[in-house]
Structure formats: C-alpha cells, structure tokens
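I have placed the structure first, in the form of structure tokens, so that the comments after it can refer back to it.
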Amino acid sequence: MLPSLCRRALLAAPVLAGLMPRAARAQAEWPSRPIRIIIPSAAGGAADFIGRTLGRFLEPHLRQPVVVDNRPGAGGITGTEAAKQAAPDGYSFLIATNSTHSANQFLYRRLPYHPVQDFGHIGMMGSFATIAVVAADAPFKSIPALIAHARANPGRVFFGYYSSSSQVPAALLKARANLDMTGAAYRNITQIVPDLISGQLQFAFLDSLSAAPALQSGRVVPIGVSAARRMPQYPDLPLVSEALPDFVVEGWFGLTAPARTPRPVLERMQTLLRQGVEDPAVAEALTRQGLSPGFRGAEEMERFLVADRARWQEWVRIAGIEPE
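The sequence shown begins at 14 in the numbering used here and counts up by one.
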C-alpha cells in the first residue's frame with residue numbers, strides 16, 4: 014500500500030507545481046537573473062563605493078551578477094524615484110542615504126516618493142561624517158580661520174554642496190557663526206573639487222571617501238570634520254565642534270527595495286546584508302574609506318529613521334534652509 018501512495022504522490026507533484034501561483038514559484042526560484050543596485054549618486058562617491066562593495070559580496074552568495082546602476086541628480090531624488098518605480102520583484106534595490114530617506118523631505122517642497130510608504134526597508138550598513146576642505150593655497154587652514162576670513166570678507170565666501178550631508182553642515186556653520194556666505198548647488202561631487210582648486214569656491218563639506226583622492230593628491234586640504242569624535246584616518250584633524258560646540262552632523266547608508274517586494278526576498282537580503290557588514294574584509298574596506306560599519310536590521314532601521322528625520326528637520330531649521 015505504501016509504495017502505491019508514494020507513486021501517486023510522485024505523479025501528483027508536477028500537477029501541484031503547475032497549480033502553484035506564479036508569484037510563489039518566482040520566489041522559490043529567486044534569484045534567477047541579475048540583481049540591480051541603484052546608486053542615487055555619481056560613480057566615485059561614497060554611495061557608489063558602498064554599492065559596489067556590497068555587490069561584490071553578494072554575487073557569490075546569490076550566484077547571480079549584481080549590476081550597479083548610478084542615477085545621480087537632485088540630491089538623490091533621481092535615483093530614489095527610479096527605485097520607487099522599479100518592479101517589486103526582488104531584482105531592484107536602492108542604496109538609501111540620509112539624503113534620500115531623512116533630509117530631502119525638509120529640503121524639497123515636493124518629493125516624487127514617500128521615504129516610508131514607497132520602500133521596503135532591509136537594513137543599515139553604517140555611518141559617516143563629512144570633512145570641511147579648502148584649496149591647498151587657501152588663506153585659511155582651520156575652521157576658526159575660515160570664520161575669521163568670512164567675517165572679514167562678507168558676501169565673498171562661497172561653498173559648494175551636492176547632498177544634504179554637504180549642504181546642511183555648511184549652512185549650519187553659516188548660521189551658527191552668523192556669517193554672510195553663499196552656497197552653490199552641484200549635480201555631483203566631481204564638479205566641486207575643480208571649482209575649489211580654481212578659487213570659485215572657498216570651501217566645501219565632502220564625505221570622507223569622495224574627498225580622499227583630492228586629499229591624497231594635495232590639491233585640497235582638510236580643516237575640520239563634522240563627526241562626534243576624531244577620525245582614525247585623520248587623527249590630527251580637529252572636530253568642527255572644537256570651534257562650534259555640539260556641531261555634529263553625520264550621515265548613513267542602508268539598503269531598501271521597492272514597496273511590495275516579497276517579504277522572503279527582503280528577509281534573505283537582510284541576512285546577507287548583515288553577513289556583509291560583519292565580514293572582516295568588507296568592514297575593513299569600509300573603515301579604510303572613512304566609514305563606520307554598523308548593521309541595523311529592518312525594524313531597528315525604521316525606528317532609527319523616525320529619530321533621524323527629526324534630527325535633519327531641526328538641522329535644516331537652524332541652518333535657515335528654505336525648501337526648494
């Protein structure tokens with residue numbers, strides 16, 4: 014009798030598989046083709062480095078290629094909107110940042126996406142601070158000297174920015190020190206350094222990874238960092254808070270997917286994200302570039318974002334930034 018039952022079960026298996034909903038079969042087979050990670054900024058920046066580092070880690074685990082898709086523009090809005098509009102099939106993901114998911118809703122009057130409702134949170138990878146940099150031949154080489162120069166030259170000091178992490182610290186510096194300075198928006202970080210060197214800009218806040226090539230070349234020099242503590246890579250670089258108490262502005266990176274992405278996919282990616290952040294080689298690579306690795310799962314990320322949005326809202330208010 015038992016062999017007969019087994020035979021019937023075997024014969025029924027293909028029929029049951031055929032009756033399985035298409036979505037369920039697709040999830041069972043995931044991933045069956047390349048994965049795309051959308052980067053809401055240009056190649057060469059911190060988000061790009063994060064995405065490519067994560068992609069290299071994921072490929073052998075997913076047994077599929079991971080393609081990085083750079084979509085720079087509008088402070089991360091262009092790439093984030095592209096991720097929102099992607100099919101929620103588990104093949105498109107977004108490197109989320111403090112700009113895309115915290116600050117932008119206070120820097121722009123209308124966002125073409127909702128940072129909570131339009132995405133499925135997977136987890137956070139770590140945080141970073143920004144470095145205030147000036148041209149190597151600038152007449153000031155410290156935050157106090159920059160403040161003194163700006164006071165002596167009202168209306169003649171310009172700074173560039175390309176994201177909330179570069180705009181808000183500069184605007185806070187302007188507000189806290191009561192300076193007459195002007196900010197200029199750039200599409201991406203690669204356009205800022207040449208204007209610093211040529212003298213069109215007097216200073217800028219850049220994320221540590223993006224600033225590294227210019228700093229290493231000696232074309233620009235660091236004068237302060239917006240972190241809560243000094244950076245191991247630049248132990249002699251003063252904190253901005255040493256000149257302006259309580260001046261701390263830090264950003265972060267995470268991974269999200271379009272809303273309605275299947276939960277098993279989100280959970281699998283969260284597991285892999287945690288393994289990646291805790292992998293010694295990955296952690297060392299991130300740390301070497303000035304990032305502070307630290308995994309937070311989806312639920313912890315959602316709680317963090319509630320507090321983070323409140324922080325950025327307050328910073329934008331204090332800085333006196335009018336939404337665009």
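The beta-carbon is built from N, C-alpha and C at its ideal position, and this holds for glycine as well.
* Taking only the alpha-carbon atoms, compute the straight-line gap between Ala227 and Ser211 and give it to the nearest angstrom. => C-alpha of Ala227 to C-alpha of Ser211: approximately 13 Å in a straight line.
Specify whether the region 141 to 154 and the region 83 to 90 touch according to this definition: at least 3 beta carbon pairs, one from each stretch, less than 8 Å apart.
Under the three-pair Cβ rule at 8 Å, the region 141 to 154 does not count as touching the region 83 to 90.
(message) Under DSSP, the alpha helix (DSSP H) around Pro306 begins and ends at which residues?
(response) Per DSSP, Pro306 belongs to no alpha helix (DSSP H); it is in the beta strand (DSSP E), 304 to 310.
Original post:
Where does the unbroken beta strand (DSSP E) through Asp82 begin, and where does it stop?
Top reply: Start and end: 79 to 83.
**Prompt:** Mind checking Arg309: buried by the 16 CB within 10 Å criterion, or exposed?
**Reply:** By the 16-neighbour rule on beta-carbons within 10 angstroms, Arg309 is buried.
task: Going by DSSP, name the residue or residues bridged to Pro128.
output: Answer is none; Pro128 lacks a bridge partner.
Is it the case that the CB of Arg287 approaches a heavy atom of the ligand ATP more closely than 6 Å?
This structure lacks the ligand ATP, and indeed carries no ligand of any kind.
Item to check | 8 Å contact criterion, which Phe171 and Met194 should meet: CB distance rounded | outcome: Contact holds; Cβ gap of about 7 Å.
Quiz item: Looking at C-alpha atoms only, which residue of Ser177, Ile135, Lys97 is the closest neighbour of Gly264?
Solution: Selected option, being the one with the closest Cα: Ser177.
Note to self: Just to confirm the assignment, what range does the alpha helix (DSSP H) spanning Gly237 have?
What the structure shows: Run containing Gly237: none in the alpha helix (DSSP H); it sits in the beta strand (DSSP E), 233 to 238.
* Nonlocal neighbours in the same chain, by C-beta distance under 8 Å from Trp325, ignoring five residues either side -> Excluding sequence positions up to five before and after Trp325, its CB lies within less than 8 Å of the CB of Asn111, Ser115, Ala116, Phe119, Ser177, Val181, all in the same chain and listed in chain order.
Practice item. State the Cα-Cα distance for the pair Tyr354 and Asp150, rounded to the nearest angstrom. Key: Lying outside 14 to 337, the shown extent of the chain, residue 354 is not represented and no answer is given.
Legend entry - Thr274 - DSSP class collapsed to helix/strand/coil: Here Thr274 sits in coil by DSSP.
_Residue ranges of each alpha helix (DSSP H) within the region 178 to 254, 4 or longer_ = 205 to 211, 221 to 230, all fully within the region 178 to 254.
Residue interval of the beta strand (DSSP E) (run including Thr66)
Going by DSSP, Thr66 is part of no beta strand (DSSP E) but of the alpha helix (DSSP H) stretching over 59 to 75.
Note to self: Going by DSSP, what residue range makes up the alpha helix (DSSP H) through Ala96?
What the structure shows: For Ala96, the uninterrupted alpha helix (DSSP H) run begins and ends at 90 to 98, by DSSP.
Could you check where the alpha helix (DSSP H) with Thr300 kicks off and where it finishes? Counting along the chain, the alpha helix (DSSP H) containing Thr300 begins and ends at 293 to 301.
Please identify the residue among Ala55, Ile50, Gly57, Ala59 whose C-alpha is closest to the C-alpha of Arg69.
Per the Cα distances, Ile50.
Quick check: the region 156 to 167 against the region 245 to 256, are there 3 or more CB pairs under 8 Å? Judged by Cβ distances under 8 Å, the region 156 to 167 makes contact with the region 245 to 256, as three or more pairs qualify.
What does the Cβ neighbour count give for Val79, buried or exposed, with the cut at 16 atoms within 10 Å?
Val79 counts as buried, since at least 16 other C-beta atoms from the protein chains shown sit within 10 angstroms of its C-beta.
* Asked: How should Met14 be labelled, buried or exposed, when 16 other C-beta atoms within 10 angstroms of its C-beta is the threshold for buried?
  -> Annotation note: pLDDT 45 at Met14 (below 50); position unreliable, coordinate value reported separately. Exposed is the call here.
Report task. State the Cα-Cα distance for the pair Ser221 and Asn201, rounded to the nearest angstrom. Result -> C-alpha separation (whole angstroms): 15 Å.
Exercise. Check the C-beta distance from Arg164 over to Leu192 and give it rounded, since I have them as a contact under 8 Å.
Key: Taking C-beta atoms under 8 Å as the contact rule, Arg164 and Leu192 qualify, at a distance of about 7 Å.
State the CB to CB distance for the pair Pro275 and Gly103, rounded to an integer number of angstroms; the pair is presumed to be in contact (CB under 8 Å). Sure, about 6 Å apart at Cβ, within 8 Å.
Task: Stretch-stretch touch, CB-based, cutoff 8 Å, three pairs: the region 284 to 296 with the region 70 to 77 - done: Yes, the region 284 to 296 is in contact with the region 70 to 77.
Less than 7 Å between the C-beta atoms of Val81 and Ile52, yes or no? In this structure, Ile52 lies closer than 7 Å to Val81 by Cβ.
query: Is it true that the CB of Val233 sits closer than 7 Å to the CB of Val129?
result: No, the pair does not count as a contact, with Cβ atoms beyond the cut-off.
message: Strictly by DSSP, which residues pair up with Leu107?
response: According to DSSP, residue pairing for Leu107 in a beta bridge involves Ile51, Thr269.
task: Take the Cβ of Gln283 as the centre, count every other Cβ of all protein chains shown within 10 Å, and call the residue buried at 16 or more, exposed below.
output: With 16 or more other Cβ atoms within 10 Å, it is buried.
* Asked: Taking Cβ to Cβ, would you say Phe106 is nearer than 7 Å to Leu299?
  -> Cβ atoms of Phe106 and Leu299: not closer than 7 Å.
task: Let me know if Ala294 comes out buried or exposed under the rule of 16 or more other beta-carbons within 10 Å of its beta-carbon.
output: Exposed, by the Cβ-count rule.
Practice task
Can you check DSSP and say which residues form a bridge with Ala332?
Solution key: Bridge partners of Ala332: none, in fact.
Pairwise C-alpha distance: Pro44 and Arg281: Arg281 and Pro44 have their alpha carbons spaced roughly 11 Å apart.
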